[in-house]
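Using UniProt numbering, read the sequence shown as starting at 1 and increasing by one per residue. So the structure is just underneath, and the comments pick up after that.
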Amino acid sequence: MRRCVSVGALFVAGTILGGDVAGIAAPSPKPRFADTNHNVPSVNLELVIAVDVSYSMDMDELAIQREGYAQAIVSKAFLQALRAVPGSKVAVTYFEWSMSGDEKIIIPWSVIDGPGSAAAVAAEIMETPIRRGSSTSISGAINFALQLFDENPHRGSRRVIDISGDGPNNDGAPVTGARDAALAKGIIINGLPIMVKEPSISTVDIEHLDLYYEDCVIGGPGAFIMTIKDRKNFQEAIRTKLVLEVAGLTPESGIVPATAKEPRVPCLIGERKSQERGRR
Numbered sequence: 001m002r003r004c005v006s007v008g009a010l011f012v013a014g015t016i017l018g019g020d021v022a023g024i025a026a027p028s029p030k031p032r033f034a035d036t037n038h039n040v041p042s043v044n045l046e047l048v049i050a051v052d053v054s055y056s057m058d059m060d061e062l063a064i065q066r067e068g069y070a071q072a073i074v075s076k077a078f079l080q081a082l083r084a085v086p087g088s089k090v091a092v093t094y095f096e097w098s099m100s101g102d103e104k105i106i107i108p109w110s111v112i113d114g115p116g117s118a119a120a121v122a123a124e125i126m127e128t129p130i131r132r133g134s135s136t137s138i139s140g141a142i143n144f145a146l147q148l149f150d151e152n153p154h155r156g157s158r159r160v161i162d163i164s165g166d167g168p169n170n171d172g173a174p175v176t177g178a179r180d181a182a183l184a185k186g187i188i189i190n191g192l193p194i195m196v197k198e199p200s201i202s203t204v205d206i207e208h209l210d211l212y213y214e215d216c217v218i219g220g221p222g223a224f225i226m227t228i229k230d231r232k233n234f235q236e237a238i239r240t241k242l243v244l245e246v247a248g249l250t251p252e253s254g255i256v257p258a259t260a261k262e263p264r265v266p267c268l269i270g271e272r273k274s275q276e277r278g279r280r
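Given below as structure tokens:
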């Protein structure tokens, strides 16, 4: 069963945790578990944050998105979620992506275990210059995330890819193959579809991007999306999504049973629109 929540219908993250929501960063190719206690989790969560910087994202959206993740990581709600389990630690890496092969690590694997380490990661996110890519390869981002998990020296009891995007896959391999490869490894994929602009016939944007993410991108036990339809809700949505992931919770509203045999939005719609646009 998959779940979706639009920001307008969010339950407050602080309520989940019994607190307030108030709130205000290339791994080396080492073996994944080099220590002798390789079967013992060293962190509660391995979290890959995969952030869309394709050309369809304007500079204002890119800046708001960056700030949203930085503020979320140092927020009171995030730190409360981190403290919810004694000795809780999160291993996090943050990279930006656009076309297949265009992935840039902003934060290599880092452990967040309290306010100090959270502030250091947030500062590094904000200090990195904003960049803008070209096409949209969700499959490339997921495959890159799988490599990062293999290179992570920290073992977690849960592994999650947190992927944002404002359009469908239109470059690289089909997205469903990459998704299924991640699910086969026990990795959960959650989505942050960004729907703040009306689709244009001159682009490969689509209507119902939220349904596309539900049926073609996310997966795993308790996987969910959080839809952003208004720029002013960027930070709230990002913060709530990270809190849920760190706490190991899923939204309790907007449940969408995964009963349909066929996706409600074709999973190759981005590739098709890209081909149609090239023939014009």
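We put the beta carbon where it would ideally sit given N, CA and C, even for glycine. None of the values given here were measured: they were computed from a predicted structure.
- Beta-bridge analysis with DSSP links Trp109 to no other residue.
- Using a C-beta cut-off of 8 Å, the region 184-198 makes no contact with the region 264-272, since fewer than three inter-stretch Cβ pairs fall below that distance.
- As DSSP reads the structure, Thr93 sits in a beta bridge with Val48.
- Your pair Ile142 and Ala91 does not check out as a contact, with CB atoms roughly 18 Å apart and the cut at 8 Å.
- Setting aside the 5 residues that flank it on each side, Asn170 is surrounded in the same chain by Ser135, Thr136, Ser137, Val204, Gly270, Glu271, Lys273, Ser274, each with a C-beta closer than 8 Å to its C-beta; the list follows chain order.
- One Cα belongs to Ser110, the other to Thr93, and the distance between them is close to 6 Å.
- Pro41 and Leu82 have their C-alpha atoms some 16 Å from each other.
- A distance below 8 Å between beta-carbons, with the five flanking residues on each side excluded, links Met57 to the following residues of its chain, in chain order: Gln65, Arg132, Asp166, Ile194.
- In the structure shown, the three-state DSSP call for Lys104 is strand.
- Residue range 188-193 is occupied by the beta strand (DSSP E) that includes Asn190.
- Separation of Leu146 and Glu198 (C-alpha to C-alpha, rounded to the nearest whole angstrom) is 32 Å.
- Going by beta carbons, Ile130 and Val121 fall outside the 9 Å limit.
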